[in-house]
Amino acid sequence: MRSVTARERFEDVLRAVAFLVVGVILYAVLPDGVIRWRPDLPEPSTAVALGVLAVSCSGIALRRGHPVLGLLVTVVAMLAGPFAVGVTHTGSLLALGEALYNAVLHSTLRASRWVAACTGVLTALVALRILLVEDAASAVRTVMSLGLLLAIPVFWGLEVRHLHERAEAEHDRAEHERRVAERDRTAAVAAERNRMARDLHDVIAGQLSAIAIQSEAALTVPDADPDVLRRVLAQVRQGSVASLAEMRTLIGLLRAGQDDEERTSPGGLERVGALADVGRATGLTVEVDDRRPPGDLPAAVDLAAYRIVQESLTNAAKHAPGSAVRVVLRHDGDELNVEVANDLVDGAADGGGTGTGLLGLAERAAAVGGRIDAGPRGRSWSVRAVLPAPSPVAVPR
5 MRSVTARERF EDVLRAVAFL VVGVILYAVL PDGVIRWRPD LPEPSTAVAL GVLAVSCSGI
65 ALRRGHPVLG LLVTVVAMLA GPFAVGVTHT GSLLALGEAL YNAVLHSTLR ASRWVAACTG
125 VLTALVALRI LLVEDAASAV RTVMSLGLLL AIPVFWGLEV RHLHERAEAE HDRAEHERRV
185 AERDRTAAVA AERNRMARDL HDVIAGQLSA IAIQSEAALT VPDADPDVLR RVLAQVRQGS
245 VASLAEMRTL IGLLRAGQDD EERTSPGGLE RVGALADVGR ATGLTVEVDD RRPPGDLPAA
305 VDLAAYRIVQ ESLTNAAKHA PGSAVRVVLR HDGDELNVEV ANDLVDGAAD GGGTGTGLLG
365 LAERAAAVGG RIDAGPRGRS WSVRAVLPAP SPVAVPR
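So the working numbering is basically just the index in the sequence shown, starting at one, shifted up by 4.
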């Protein structure tokens with residue numbers, strides 16, 4: 005059983021006091037509302053009657069901390085009524101029902117079953133004794149009375165306990181699903197970041213190689229034209245600045261490496277036509293509307309846009325096979341807009357997946373300072389990304 009807080013103990017004491025107050029009121033208003041076991045004994049004094057009632061109600065104060073002990077205290081007080089004073093007051097009967105309910109609800113499962121079994125055996129024995137000593141009508145009345153007194157609190161406690169156990173099981177299941185979803189989300193983000201880091205590494209390696217080749221050419225060409233040297237040095241500087249910016253992004257994205265994964269050359273929007281061909285091979289009808297001005301994009305943005313188009317086409321082939329897909333690439337000020345929209349098919353309005361693919365796209369867009377929005381729009385599913393990218397300027401060759 006769980007530990008009981010101080011607040012709960014205080015509430016249990018108040019509950020016991022409330023039952024005692026109700027018992028005292030019943031004793032004062034209905035003095036004849038008692039069960040007389042021994043008519044030969046004189047009427048008990050008020051102090052004795054209230055003392056037995058107080059002991060009966062005191063067991064309720066243990067309802068959550070020690071419910072079985074509380075039941076035993078109430079039962080002992082109930083037994084003292086017939087044997088010591090010859091009567092049992094209505095307030096003590098109410099306390100017994102509450103103690104039975106608490107023992108079934110708040111005790112361990114084994115103790116709860118024992119309480120229910122003992123209650124059933126006691127009811128049967130009392131009914132059998134009355135049936136043997138008196139008549140069948142008296143036995144039936146006794147069983148019905150004991151049913152109201154003992155069986156109802158027990159069955160009520162068992163039912164409430166069952167409902168609590170079902171609620172706890174549902175809560176545990178929901179918590180387990182939440183942890184699994186969180187692990188999937190974390191794994192998807194980590195995988196996407198590792199992939200981005202590898203892509204950026206390959207891009208930076210290519211840029212540094214170009215810088216080395218250009219620098220070597222500038223150093224080895226005899227009597228080089230100053231204008232040619234100036235253009236070469238300008239390109240070296242441009243490549244160095246771009247590599248430095250992308251290296252900062254790489255440092256922020258790099259996670260624990262997975263050396264056993266295959267390295268592939270990173271893609272870019274110059275290969276969007278190849279992506280469209282792959283999509284068409286899967287049964288899609290792909291239309292590419294590239295409205296970008298000619299020139300180079302920052303490598304990180306180029307990679308992010310390429311991966312967004314790639315993942316969007318993959319999702320379209322998976323969740324809307326055979327649909328028409330439109331890919332739009334355009335510059336708007338200093339932003340690159342990427343939109344991939346496909347027709348919805350029956351059953352695919354909700355995306356039809358776990359969402360980890362879209363989560364990876366959002367992570368990739370956020371890594372370069374952009375944002376992404378995905379969802380149904382009318383009869384199509386649209387993925388829209390806005391990535392920061394100054395209008396590309398063609399590099400002189």
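All C-beta atoms in this analysis are idealised placements derived from N, C-alpha and C, irrespective of residue type, glycine included.
Drop a sphere of 10 angstroms on the beta-carbon of arginine 267, count the other beta-carbons inside from all chains shown, and report buried for 16 or more, exposed for fewer. Residue mapping note: residue 267 aligns to position 263 of the sequence shown, counting from 1. For arginine 267, the predicted model reports a pLDDT of 43, less than 50, meaning its position is unreliable and no value from the coordinates is stated.
Just verifying my parser: in three-state terms, what is the DSSP assignment at alanine 393? Reading the sequence shown from its first residue, position 389 is the one you call residue 393. Alanine 393 falls in the coil class under three-state DSSP.
Please report the straight-line C-alpha distance between arginine 383 and glutamate 291, rounded to a whole angstrom. Taking the sequence shown and counting its residues from 1, the one referred to as residue 383 is at position 379. Taking the sequence shown and counting its residues from 1, the one referred to as residue 291 is at position 287. Computed Cα separation, rounded: 17 Å.
Closest by CA to valine 59, which one among Glu186, Met82, Val8 and Val240? Position 55 of the sequence shown, counting from 1, holds the residue named residue 59. When each option's Cα is compared against that of valine 59, the closest is Met82.
Report the residue from Met148, Tyr105, Ser62 and Val56 whose alpha carbon sits nearest the alpha carbon of phenylalanine 14. Along the sequence shown, one-based indexing puts residue 14 at 10. Among Met148, Tyr105, Ser62 and Val56, the Cα nearest to that of phenylalanine 14 is on Ser62.
Boundaries of the alpha helix (DSSP H) in which proline 71 is found, first to last residue: Start at 1 with the first residue of the sequence shown, and residue 71 comes out as number 67. Element bounds for proline 71: 71-84.
What runs of the alpha helix (DSSP H), each 4 residues or longer, lie entirely inside the region 94-175? 94-110, 113-137 and 140-150
Please report the Cβ distance between threonine 190 and alanine 155, rounded to the nearest whole angstrom; I am assuming they are in contact, meaning their Cβ atoms lie under 8 Å. Along the sequence shown, one-based indexing puts residue 190 at 186. Along the sequence shown, one-based indexing puts residue 155 at 151. Rounded to the nearest angstrom, the Cβ distance from threonine 190 to alanine 155 is 52 Å, too far for a contact under 8 Å.
In this structure, how does DSSP classify aspartate 229 when only helix, strand and coil are distinguished? Here residue 229 corresponds to residue number 225 of the sequence shown, with the count starting at 1. Coil, per DSSP.
Could you tell me the distance, in whole angstroms, from the CA atom of aspartate 354 to the CA atom of asparagine 346? Mapped onto the sequence shown, residue 354 falls at position 350. Mapped onto the sequence shown, residue 346 falls at position 342. Residue confidence is low: aspartate 354 scores 47 on pLDDT, short of 50, so the model does not pin down where it sits. No coordinate-derived value is stated.
For glutamate 289, three-class secondary structure by DSSP: In the sequence shown, residue 289 corresponds to position 285, counting from 1. Residue identity differs from the one stated: residue 289 is threonine in this sequence, not glutamate. It is a strand residue.
Cα-Cα separation, leucine 109 to glutamate 343: The residue labelled residue 109 in the question sits at position 105 within the sequence shown. The residue labelled residue 343 in the question sits at position 339 within the sequence shown. Between leucine 109 and glutamate 343, the C-alpha separation is close to 59 Å.
Buried or exposed for proline 157, going by 16 or more other Cβ atoms inside 10 Å? Working through the sequence shown from its first residue, we reach residue 157 at position 153. It is buried - the Cβ of proline 157 has at least 16 other Cβ atoms within 10 Å.
At what residues does the beta strand (DSSP E) containing arginine 311 begin and finish? On the sequence shown, position 307 is the one that residue 311 refers to. It is not in any beta strand (DSSP E) - arginine 311 instead sits in the alpha helix (DSSP H) that spans 303-323.
Identify, in the order they occur along the chain, each residue of the same chain with its Cβ nearer than 7 Å to the Cβ of alanine 120, setting aside the five sequence neighbours on each side. As a position in the sequence shown, residue 120 is number 116, starting the count at 1. The answer, listed in chain order, is Val108, Val158 and Leu162.
Does DSSP classify arginine 13 as helix, strand or coil? Here residue 13 is taken as the residue at index 9 of the sequence shown, counted from 1. In this structure, arginine 13 counts as helix in the three-state DSSP scheme.
Does the distance from the CB of proline 1 to the CB of valine 372 come in under 9 Å? Nothing about residue 1 can be reported from this structure: the residues present for the chain run from 5 to 401 only.
Less than 8 Å between C-beta atoms, sequence neighbours within five positions excluded: which residues of the same chain meet that for leucine 18? The residue labelled residue 18 in the question sits at position 14 within the sequence shown. No residues qualify anywhere along the chain.
Residues that proline 380 bridges to, as DSSP identifies them: Position 376 of the sequence shown, counted from the start, is the residue given in the question as residue 380. Trp385, per the DSSP bridge assignment.
Quick one: Cα of arginine 388 to Cα of glycine 287, how far? The residue you call residue 388 lines up with position 384 of the sequence shown. The residue you call residue 287 lines up with position 283 of the sequence shown. About 22 Å.
Option nearest alanine 20 by Cα separation, candidates Ala65, Val232 and Ala222: Sequence index remark: in the sequence shown, residue 20 carries index 16 (1-based). With distances taken between Cα atoms, alanine 20 lies closest to Ala65.
Coil, strand or helix - leucine 279 by DSSP: By 1-based counting over the sequence shown, the position of residue 279 is 275. Reduced to three states, the DSSP call for leucine 279 is helix.
Helix, strand or coil, according to DSSP, for glutamate 266 in the structure here? Here residue 266 corresponds to residue number 262 of the sequence shown, with the count starting at 1. In this prediction, glutamate 266 has a pLDDT of 44, which is less than 50 and means its spatial position is unreliable; what the coordinates show is noted afterwards. Residue state, collapsed to three classes: coil.
Considering only residues of the same chain and omitting the five flanking positions on each side of leucine 100, which have a CB-CB separation below 6 Å? Indexing the sequence shown from 1 puts residue 100 at position 96. Counting only Cβ-Cβ distances below 6 Å, and skipping sequence neighbours, we find Thr78 and Met82.
Please report the Cβ distance between arginine 199 and glutamate 367, rounded to the nearest whole angstrom; I am assuming they are in contact, meaning their Cβ atoms lie under 8 Å. Taking the sequence shown and counting its residues from 1, one reaches residue 199 at position 195. Taking the sequence shown and counting its residues from 1, one reaches residue 367 at position 363. Rounded to the nearest angstrom, the Cβ distance from arginine 199 to glutamate 367 is 10 Å, too far for a contact under 8 Å.
Under 9 Å between C-beta atoms of glutamate 339 and valine 390: Taking the sequence shown and counting its residues from 1, the one referred to as residue 339 is at position 335. Taking the sequence shown and counting its residues from 1, the one referred to as residue 390 is at position 386. Taking 9 Å as the Cβ cut-off, glutamate 339 and valine 390 qualify as a contacting pair.
Thinking just about the alpha-carbon of each residue, which of Asp231, Val331, Asp294 and Gly69 is nearest to the one in isoleucine 312? Working through the sequence shown from its first residue, we reach residue 312 at position 308. Minimum Cα distance to isoleucine 312 is reached at Val331.
Which one of Arg68, Glu181 and Thr50 has the shortest CA to CA distance from glutamate 11? Reading the sequence shown from its first residue, position 7 is the one you call residue 11. Residue 11 is actually arginine in this sequence, not glutamate. It is Arg68 whose Cα lies nearest to the Cα of arginine 11.
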